[in-house]
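*Asks:* My questions all concern the structure below.
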Amino acid sequence: MAEENAPRRLAAVVVGAGATGLFAAAALADFADVTVVERDRLPDGPEPRRGVPQARHAHLVWSGGVKAFDELLPGLTDEVVAHGGRLVHIMGDMVSRAPNEVWFRRFTATRHRNLVCSRDLLDFVLRGRVLADGRVVLREETTVLGLEGDATTVTGVRVRTGDEESTLRADLVVDASGRGSRAPQWLTGLGVPAVAERVVNAGVAYATRVYDAPEATRGIDFPLINVQANPAKAPGQGGIVLPVEGNRWIVTLSGTRGGEPTGDPGAFVDFALGLGDPVIGELIKDARPLGDIATTRATANRRRYYEQAKRWPDGFVVLGDAVAGYNPVYGHGLTVAAQGALAVRDVLRAAGPGRPGLSRRLQRAAARPVAAAWDLAVGQDALYPGAAETRPNGVERVLARFVDKAVETGARNPRAMAALLDVMSLERPATRLFSLDMLVPMLIGPGKPRLQGPPLTETERKAALS
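Numbering of the sequence shown is given in numbering that gives the first Met the number 0, commencing with residue 0 and proceeding in unit increments.
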């Protein structure tokens, strides 16, 4: 009798086998038989793949993302670490200069741990975990042409594999196809009114080169080195050194309009030396490069407000970069992808699948981590000339000054730093910045003096420059 009363398993189609699509498939597998449709052929190992042009640049996963990873797929983070990834203590394992040019002290009292590895490795481990689930089926080299259904209900997708077109019926279709999502066109094609959209483009360009880590740095857990751009001094230029598996450093440089890095190998080190602090240039000027420079310009913050749509069809949800893509410098894309999928799973557990209006609830739940990351990114990027259609208003400027003060306080006080990291990691809402942990040291003074330079230890500096 229990089996007769068990809820019917749904049929779900996930568009895209990137990180967002794989997290979505993991979230749905308890409720549905999932088909993941991917236009490319996926690599067998931790290798570059088409469709993820940003993969060669530096990536990290904030602690809020690490928690979501392991809640969706228990043990995933440990598996990445077993393959050479690293859980780093933020700020103890990081040397970082904030946008307001304050160097953070390397406090070790905070509990935040970020996951650091190449994107190729992360995607490889994630694919292995999700696609090993018998409830998830992958259809590679298959393109989604459009949605089936009407303005009230999506019933599947039309696909093309080679020269053959067919229809995949589904109770739920999840668009996880990234920045190139065709969901706006698909929805208007069904008669769904267009949703509001906002773009804030700081004009950031990225250039990345991989280096052989200096021999002496390989046994000491060399820290991440991060020099963030200052929006008050356009063009904003920054860079990061990310030690990853295989004894490599991924070095990503960035610059806004008028100060962009290029793919010229002869200019890469000079650009790094010319940042607000030359530490990155000094670390790589004698290091051995491994391969060419990868460049990217598609870095605008773009958000589609699907959760605010007056009409939304049952059977359709949009997740990840297909909803909102961010300037990669903030490192929130992977965290939002996992948290959005987790929100979908939690709503399905609470409400049960197949109920009318469920897709709207799913879309609204997935929008919460999107909104948090969006506010953090746009709050900085909107300050660059030409980035937004309107300049920040008085309230936004006051909030920006408050955040600058919070950063300066956190740089010199561990309690304030913990509050700042709670927000930056997407573990807590922005209201955490108004807690006593932040306000008390902000009002009475953080106590410790400002650092005058990057807080590398003598051992680290000698190892890198020997």
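Glycine included, every Cβ here is placed at the ideal spot set by N, Cα and C.
1. Can you tell me whether A57 sits near the ligand ATP, meaning its C-beta is under 8 Å from at least one heavy atom of the ligand?
2. Quick check for students: name the residue ranges of the alpha helix (DSSP H) that lie wholly in the region 418-462, counting only runs of 4 or more.
3. Could you name each continuous beta strand (DSSP E) segment of 3 residues or more that falls completely within the region 29-103, going from the start of the chain to the end?
4. Spell out the partners DSSP gives G254 in its beta bridges.
5. Taking 8 Å as the limit between beta carbons, can you name the residues of its chain near L86, skipping five residues before and five after?
6. Give the secondary structure of W248 by DSSP, where H, G and I count as helix, E and B as strand, and everything else as coil.
7. Just list the residues that DSSP pairs F315 with in beta bridges.
8. Just curious, the beta strand (DSSP E) that V199 is in, first and last residue?
9. Which value, in whole angstroms, describes the spacing of the CA atoms of G258 and P234?
10. Got a sec, what are the start and stop residues for the alpha helix (DSSP H) E281 sits in?
11. Quick one: give me the first and last residue of the alpha helix (DSSP H) that T19 is part of.
12. Consult DSSP for Y383 and reduce its assignment to one of helix, strand or coil.
13. Along the chain, which unbroken stretches of the alpha helix (DSSP H) at least 4 residues long are found entirely within the region 340-386?
14. Would you give the residue range spanned by the beta strand (DSSP E) that V156 belongs to?
15. Quick check on L189: does DSSP put it in helix, strand or coil?
16. Using DSSP bridges, identify the partner residues of V243.
17. Considering Cα atoms alone, identify which of A54, R159, A321, L274 is closest to E139.
18. Given a threshold of 16 other Cβ atoms within 10 Å of its Cβ, counted over all protein chains shown, does L435 qualify as buried or as exposed?
19. Check whether the region 339-348 and the region 426-443 touch, using three or more Cβ-Cβ pairs below 8 Å as the test.
20. Based on Cα-Cα distance, which residue from G262, K284, R247 lies nearest to D211?
21. For a test of the three-state rule: what should DSSP assign to G148, helix, strand or coil?
22. Candidates L341, G452, R256, V243: which alpha carbon is nearest L121's?
23. Going by the CB atoms, is the gap between A371 and N300 shorter than 9 Å?
24. Starting from R301 and walking both ways along the beta strand (DSSP E), at which residues does that stretch end?
25. Please go through the same chain and pick out, in chain order, the residues whose beta-carbon is closer than 7 Å to the beta-carbon of A193, but skip the five residues on each side of it.
26. Specify the secondary structure class of T142 as computed by DSSP and reduced to three states.
27. Could you tell me whether the region 307-319 touches the region 355-362, where touching means 3 or more Cβ pairs closer than 8 Å?
28. Rounded C-beta distance between L333 and A18? I'm assuming under 8 Å.
29. Helix, strand or coil: how does DSSP classify E163 here?
30. Check L274 in the structure and name its three-state DSSP category.
31. From the DSSP output, in three-state form, read off G177 for me.
32. Using three-state DSSP, classify L289 as helix, strand or coil.
33. Which residues in the same chain as R178 place their Cβ atom closer than 8 Å to its Cβ, once the five residues preceding and following it in sequence are excluded?
34. Pull up the CB-CB distance for A340 and L71, whole angstroms please, since I reckon it's below 8 Å.
35. What residue range does the beta strand (DSSP E) around R112 cover?
36. Let's see if you can read the secondary structure: which residues bound the beta strand (DSSP E) around V12?
*Replies:* Concretely, from the data shown:
1. Absent from the structure shown: the ligand ATP. Ligands present: none.
2. 435-443
3. 31-36, 85-88, 93-96
4. Numbered from 1 along the sequence shown, position 255 holds the residue referred to as residue 254. According to DSSP, G254 bridges with A204, Q236.
5. For the purposes of this step, residue 86 is taken as residue 87 along the sequence shown, with counting starting at 1. Cβ neighbours of L86 beyond the five flanking positions: V65, T76, V80, R112, N113, L114, V115.
6. Residue mapping note: residue 248 aligns to position 249 of the sequence shown, counting from 1. Note: W248 maps to strand in three-state DSSP.
7. Along the sequence shown, one-based indexing puts residue 315 at 316. Looking at the DSSP assignment, F315 forms a beta bridge with V172.
8. In the sequence shown, counting from the first residue as 1, residue 199 sits at position 200. Where V199 is concerned, the enclosing beta strand (DSSP E) stretches over 196-199.
9. To locate residue 258, count along the sequence shown from 1; it is residue 259. To locate residue 234, count along the sequence shown from 1; it is residue 235. Answer to the nearest angstrom: the Cα atoms are 5 Å apart.
10. Reading the sequence shown from its first residue, position 282 is the one you call residue 281. From DSSP, the alpha helix (DSSP H) with E281 extends over 278-283.
11. What you label residue 19 is simply residue 20 of the sequence shown in a count that begins at 1. Looking at the DSSP string, the run of the alpha helix (DSSP H) that includes T19 is 18-27.
12. For the purposes of this step, residue 383 is taken as the residue at position 384 of the sequence shown. If DSSP states are grouped into helix, strand and coil, Y383 belongs with coil.
13. 357-380
14. Against the sequence shown, residue 156 aligns to sequence position 157. Unbroken beta strand (DSSP E) run through V156: 153-160.
15. Taking the sequence shown and counting its residues from 1, one reaches residue 189 at position 190. Coil.
16. On the sequence shown, position 244 is the one that residue 243 refers to. DSSP lists R247 as partners of V243.
17. The residue given as residue 139 occupies position 140 in the sequence shown. Closest option to E139, Cα to Cα, is R159.
18. Translated into the one-based positions of the sequence shown, residue 435 becomes position 436. Exposed, since its Cβ has fewer than 16 Cβ neighbours within 10 Å.
19. no
20. Residue mapping note: residue 211 aligns to position 212 of the sequence shown, counting from 1. Minimum Cα distance to D211 is reached at R247.
21. To locate residue 148, count along the sequence shown from 1; it is residue 149. It is a strand residue.
22. Taking the first residue of the sequence shown as position 1, residue 121 is located at position 122. Out of L341, G452, R256, V243, V243 has the C-alpha closest to the C-alpha of L121.
23. Along the sequence shown, read from residue 1 onward, the residue named residue 300 stands at position 301. Along the sequence shown, read from residue 1 onward, the residue named residue 371 stands at position 372. Not in contact: N300 and A371 (Cβ atoms no closer than 9 Å).
24. What you label residue 301 is simply residue 302 of the sequence shown in a count that begins at 1. From DSSP, the beta strand (DSSP E) with R301 extends over 300-303.
25. As a working mapping, residue 193 is identified with position 194 in the sequence shown. Only P183, T187 meet the Cβ criterion.
26. As a first step, residue 142 is located in the sequence shown; it is residue number 143 there, counting from the start. The answer is strand: DSSP assigns T142 an E or B state.
27. yes
28. Locating residue 333 in the sequence shown gives position 334, counting from the first residue. Locating residue 18 in the sequence shown gives position 19, counting from the first residue. Rounded, the Cβ-Cβ distance is 6 Å, consistent with contact.
29. Residue 163 sits at position 164 when you count from the first residue of the sequence shown. E163: strand per DSSP, three-state reduction.
30. Against the sequence shown, residue 274 aligns to sequence position 275. Coil, per DSSP.
31. Reading the sequence shown from its first residue, position 178 is the one you call residue 177. Helix at G177.
32. Position 290 of the sequence shown, counting from 1, holds the residue named residue 289. Three-state result, L289: coil.
33. By one-based count along the sequence shown, residue 178 stands at place 179. Closer than 8 Å at the Cβ level, and outside the excluded window around R178, lie A297, R301, D320, A321, G324.
34. Position 341 of the sequence shown, counting from 1, holds the residue named residue 340. Position 72 of the sequence shown, counting from 1, holds the residue named residue 71. Between L71 and A340 the Cβ distance is about 6 Å, and since that is below 8 Å, they are a contact.
35. The residue you call residue 112 lines up with position 113 of the sequence shown. R112 -> beta strand (DSSP E) spans 112-115.
36. Taking the sequence shown and counting its residues from 1, the one referred to as residue 12 is at position 13. Segment 9-14, the beta strand (DSSP E) holding V12.
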